[in-house]
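This report concerns only the one structure given below.
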Amino acid sequence: MKYPDRSNDSSRPAIHEYPFWRERSPLRSVVDGEVLPAQADTVIVGAGYSGLSVALHLARAGRDVVVLEKDRPGEHASTLNFGACGRTIRHKFTKVASDHGLETAIRIFSEAKAWLDYTVDFIDREQIDCGFTRAGRVYGAHTPEAFTAMAEDLEYQQRHMPVDSVMIPRHEQQNEVSSDDFFGVQLLNDVGHLDPGRYHAGLLRCALDSGVRVYSGCRAEAFAGSRGGYDARTTRGSIHSK
Numbered sequence: 396m397k398y399p400d401r402s403n404d405s406s407r408p409a410i411h412e413y414p415f416w417r418e419r420s421p422l423r424s425v426v427d428g429e430v431l432p433a434q435a436d437t438v439i440v441g442a443g444y445s446g447l448s449v450a451l452h453l454a455r456a457g458r459d460v461v462v463l464e465k466d467r468p469g470e471h472a473s474t475l476n477f478g479a480c481g482r483t484i485r486h487k488f489t490k491v492a493s494d495h496g497l498e499t500a501i502r503i504f505s506e507a508k509a510w511l512d513y514t515v516d517f518i519d520r521e522q523i524d525c526g527f528t529r530a531g532r533v534y535g536a537h538t539p540e541a542f543t544a545m546a547e548d549l550e551y552q553q554r555h556m557p558v559d560s561v562m563i564p565r566h567e568q569q570n571e572v573s574s575d576d577f578f579g580v581q582l583l584n585d586v587g588h589l590d591p592g593r594y595h596a597g598l599l600r601c602a603l604d605s606g607v608r609v610y611s612g613c614r615a616e617a618f619a620g621s622r623g624g625y626d627a628r629t630t631r632g633s634i635h636s637k
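Residue 581 in my numbering is what sits at position 186 of the sequence shown, and the numbering runs on without skipping anything.
Structure (structure tokens):
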């Protein structure tokens with residue numbers, strides 16, 4: 396199919412080369428002084444979700460934490476995603492059980508549920524205004540065989556652990572998705588969605604309020620050391636960590 400050229404169509408909205416999350420939560424630079432401190436208990440590279448989460452918990456445990464970020468905090472993956480907050484593992488429960496054993500499968504999928512519950516609790520406890528809602532998620536079956544396979548996998552999993560999901564046949568799927576193209580769907584009731592920009596902004600606030608020092612525009616270039624300590628060389632000097 397040949398699509399019409401609409402590149403010069405002034406009636407179409409402009410395409411922005413940044414996620415619209417940033418319209419409500421613009422990125423900001425954080426410069427905790429012009430010069431890095433000589434040392435810190437812990438030095439973390441990257442001020443995205445992972446780096447800030449680790450920094451926050453270490454700081455609250457009493458450690459002196461410095462975070463190095465080559466750009467602005469959250470500039471990359473953390474605010475470039477679409478905000479899904481779930482327990483999805485990209486493997487079938489039956490496949491994991493077959494390859495690694497039933498107990499291992501239960502532990503893995505239980506851990507996925509635990510990280511979802513922890514995130515929801517963390518957002519509530521820290522009062523992060525990120526629009527989180529348990530909107531659910533729908534997975535469509537593209538063939539009758541796919542629907543059967545999804546149903547069998549879910550039934551086997553629910554036999555061994557609680558799973559807040561249901562299979563919805565094709566004649567009822569309009570209640571969940573405005574399409575007749577699927578051959579039934581699986582509905583995950585307990586998963587949700589959040590605004591990734593606002594979540595990152597809230598996480599950054601929590602980290603800074605807990606004493607974490609964040610240096611943006613500070614690229615980590617090399618590391619050297621041993622269990623006695625590490626030296627990080629950056630574009631703004633060197634720092635030693637314990």
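Where a beta carbon is used, it is the ideal one built from N, C-alpha and C, also for glycine.
Contacting residues, own chain, Cβ-Cβ under 8 Å from residue i (five flanking each side not counted)
i, result
"G478", "W416, H588, L589, D590, P591 and Y594"
"F618", "Y625, D626, A627 and R628"
"I563", "N570, E571, G579, V580, Q581 and L582"
"C480", "L511, T514, V515, F527, V586, G587, H588 and L589"
"T499", "V491 and A492"
"T474", "P414, W416, R417, S420, L422, P591, G592 and H595"
Sequence-distant residues of the same chain with beta carbon closer than 6 Å to residue i, five excluded per side
i, result
"R565", "F578 and G579"
"Q552", "F488 and V558"
"E550", "none"
"V561", "L582"
"D436", "R458, D459 and K637"
"Y444", "S473"
"V533", "E571, V572, V580 and L582"
Residue i - DSSP class collapsed to helix/strand/coil
i, result
"T483", "coil"
"A435", "strand"
"L583", "strand"
"R529", "coil"
"H566", "helix"
"S424", "coil"
"H588", "strand"
"H635", "strand"
"E560", "Correcting the residue identity first, residue 560 is Ser in this sequence and not Glu. Looking at S560 - three-state DSSP - the assignment turns out to be strand."
"D519", "helix"
"Y594", "helix"
"E412", "coil"
"F477", "coil"
"S445", "helix"
"E550", "helix"
"S505", "helix"
"E540", "helix"
"R600", "helix"
"Y398", "Here Y398 scores only 43 on pLDDT, less than 50, and its place in the model is too uncertain to base an answer on."
"V572", "coil"
"D494", "helix"
"H452", "helix"
Contact belief for residue i with residue j at Cβ below 8 Å, rounded distance in angstroms
i, j, result
"S605", "A454", "4 Å"
"S493", "G612", "Wrong, their Cβ atoms sit about 49 Å apart, outside the cutoff."
"I484", "A509", "Contact flag wrong, Cβ pair sits at about 12 Å."
"R529", "V586", "7 Å"
"N584", "G531", "5 Å"
8 Å Cβ cutoff met for residue i and residue j
i, j, result
"V462", "A442", "yes"
"G446", "V440", "yes"
"S420", "A596", "yes"
"A450", "V607", "yes"
"P468", "L599", "yes"
"E464", "V609", "yes"
"M545", "S505", "no"
One or two residues paired with residue i in a DSSP bridge
i, result
"G624", "S621"
"V460", "T437"
"R608", "V461"
"G535", "V580"
"A615", "T629"
Same chain, Cβ closer than 7 Å to residue i, five either side skipped, listed in chain order
i, result
"G526", "L589, D590 and R593"
"G632", "V430 and L431"
"T543", "none"
"D548", "K487, F488 and T489"
"A615", "V440, L463, A627 and T629"
"H471", "G443"
beta-carbon residue i near the ligand SAM non-hydrogen atom, thresh 7 Å
i, result
"A541", "No copy of the ligand SAM occurs in the structure displayed, which carries no ligand at all."
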